[in-house]
Ligand SMILES: [Zn+2]
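Numbering (the numbering used here), first residue to last: 622 to 756.
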């Protein structure tokens, strides 16, 4: 699976976003074990604190389908105003923490950016409870 293919799947997922409050549609696609794809879109709620980001939705879908070895994540913020800032394209802090724990080896592709990332670039000196993990 090429980077551009995964980004296209993230863009398609963004079209299924439920974002009536922000009008900021985001999609994500994760690649697991070289072949399985799970997607997600941001899902908002009138109780704003309950909003779910696309990245976490996609990671949850992958896990729920039994695919836990996430190799790559593509993210597409199709309503971002990149004339203002590239920062509108980046994953939020909560999603970075999720990626650190649930997809630590994933390459992170972001629609609109040439560079791809690893989580240690986006979340240096991150929090973890390694001593509490069973495995
Ligand atoms: Zn997020």
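Beta carbons are placed, not taken as given, at the ideal position from N, Cα and C, and that holds for glycine.
Query, Result
"Residue-chain proximity (residue 681, chain D), Cβ-Cβ < 8 Å", "Structure shown: chain D not included; a single protein chain is present."
"Residue 698 Cβ short of 7 Å to ligand 1 heavy atom set", "no"
"Environment of residue 676 [buried if 16+ CB atoms lie within 10 Å]", "buried"
"Proximity below 8 Å, CB of residue 724 to CB of residue 710", "no"
"Helix, strand or coil at residue 669 [DSSP, three-state]", "helix"
"Beta-carbon contacts of residue 622 that lie in its chain and below 8 Å, excluding the five residues immediately before and after", "652, 655, 656, 658, 693"
"Delimiting residues of the beta strand (DSSP E) encompassing residue 657", "657–662"
"DSSP beta-bridge partners of residue 693", "652, 728"
"Residue 649 vs residue 685 beta-carbon contact at 8 Å", "no"
"Simplified DSSP assignment, three categories, for residue 698", "strand"
"Residue nearest to residue 667 in terms of C-alpha spacing, selected from 640, 737, 681", "640"
"Beta-carbon proximity list for residue 719, same chain, < 8 Å, skipping 5 on both sides", "676, 677, 680"
"For residue 726 and residue 631, the rounded distance between their alpha carbons", "19 Å"
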